[in-house]
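So the structure is just underneath, and the comments pick up after that.
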Amino acid sequence: GDWSSDVCSSDLALGAGEAPHIRGLHATLPRAGEEAVHFEVGEVAVNVREVGAAGDGELAGAAVAYPRTGGTSYWTATGDGYEEWLHLGEGVATGRAPVATWEVEGAALQQAGATVEIVDDDGEAQIRVSAPEAFAASGRAVVARLAVRGSTIELWVDAGGEAVLVDPAWTATGAMIAVRGFHTQTTLQNGKVLVTGGYTGAAALASA
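See below:
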């Protein structure tokens with residue numbers, strides 16, 4: 213038995229049967245942190261194992277929490293995909309070594325600026341991994357950086373040794389950020405379509 217995303221809001225709970233997809237992406241969380249998170253999107257299925265995570269997962273509000281070396285990881289579902297809030301204690305985020313490493317099996321990885329993409333056999337990105345937010349215990353924002361090393365993703369954070377909270381996110385690359393109308397739609401030379409602007413209800417959108 214694994215943990216699966218439930219139908220309700222952003223909660224992760226013990227699932228029964230097929231769990232819903234979030235914008236095309238489905239994740240199944242393991243019972244124990246040393247086991248792999250299983251992601252599926254389209255024809256791509258990958259296993260992601262967090263190095264240093266170990267012990268039984270427990271429900272913590274709207275998340276599933278796993279003990280890990282130097283802290284705790286909290287996995288939760290969002291409207292766009294899945295987030296893993298990493299709470300790391302003092303002395304971990306020094307910038308001298310990665311604060312977290314994930315081993316990825318079943319697909320290749322490529323660096324895409326500040327993000328990492330998990331690609332299919334045709335080289336098309338299917339899952340995007342980002343680390344948009346990180347905060348030191350003092351409340352100051354710190355920079356989080358993702359790097360590809362072979363079949364692993366490394367997360368680097370330098371908080372000067374302070375305890376830190378980091379927010380890696382796993383989303384499907386083909387997901388629309390918001391339902392929209394009256395937008396622009398441009399076919400690019402590589403055949404992909406760029407959708408920009410428009411409205412959702414009465415609100416104007418600045419996203420693409």
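Heads up: the sequence shown begins at 213 in my numbering, then just goes up one per residue. Each residue gets a CB set at the ideal place from its N, CA and C atoms; glycine is no exception.
Same chain only: Cβ atoms within 8 angstroms of residue i, ignoring 5 sequence neighbours per side
{"i": "V405", "result": "Q397, T398 and T399"}
Assigned exposure category for residue i - 16 Cβ within 10 Å defines buried
{"i": "G283", "result": "buried"}
{"i": "F394", "result": "exposed"}
{"i": "E296", "result": "buried"}
{"i": "R280", "result": "buried"}
{"i": "A244", "result": "exposed"}
{"i": "A289", "result": "buried"}
{"i": "S350", "result": "exposed"}
Spatial distance of residue i from residue j (CA atoms)
{"i": "S342", "j": "R352", "result": "19 angstroms"}
{"i": "A317", "j": "T385", "result": "For the sequence presented, residue 317 should be read as Glu rather than Ala. Straight-line Cα distance between these residues: approximately 18 angstroms."}
{"i": "R340", "j": "E329", "result": "5 angstroms"}
{"i": "S419", "j": "V253", "result": "23 angstroms"}
{"i": "E315", "j": "V260", "result": "6 angstroms"}
{"i": "G293", "j": "A381", "result": "7 angstroms"}
{"i": "S217", "j": "L298", "result": "Reliability fails at S217, whose pLDDT of 42 lies under 50, so the model's placement of it is uncertain and the value that follows must be treated cautiously. If I take the Cα positions, the gap works out to 19 angstroms."}
{"i": "Y278", "j": "Q401", "result": "44 angstroms"}
{"i": "G236", "j": "Q338", "result": "10 angstroms"}
Terminal residues of the beta strand (DSSP E) in which residue i lies
{"i": "A356", "result": "A356 to R361"}
{"i": "T306", "result": "That residue, T306, is in no beta strand (DSSP E); it is neither H nor E in DSSP."}
{"i": "N435", "result": "The structure shown does not extend to residue 435, since the chain is modelled only from 213 through 420, so no value can be given for it."}
{"i": "A381", "result": "A381 to A384"}
{"i": "A320", "result": "A320 to A324"}
Other residues of its chain near residue i: CB distance less than 7 angstroms, five sequence neighbours each side excluded
{"i": "R392", "result": "G410, Y411, T412 and L417"}
{"i": "E246", "result": "A265 and A266"}
{"i": "T327", "result": "R340, V341, S342 and L358"}
Residues near residue i by beta carbon distance below 6 angstroms, same chain, minus five either side
{"i": "Q323", "result": "V360"}
Interface flag, residue i vs chain C, CB-CB below 8 angstroms
{"i": "V258", "result": "Absent from the structure is chain C; it holds one protein chain and no more."}
The ligand HEM heavy atom lying under 7 angstroms from the CB of residue i
{"i": "A312", "result": "This structure does not include the ligand HEM; it has no bound ligands of any sort."}
Q) Taking contact to mean at least 3 C-beta pairs separated by less than 8 angstroms, is the stretch 369–380 in contact with the stretch 298–305? A) yes
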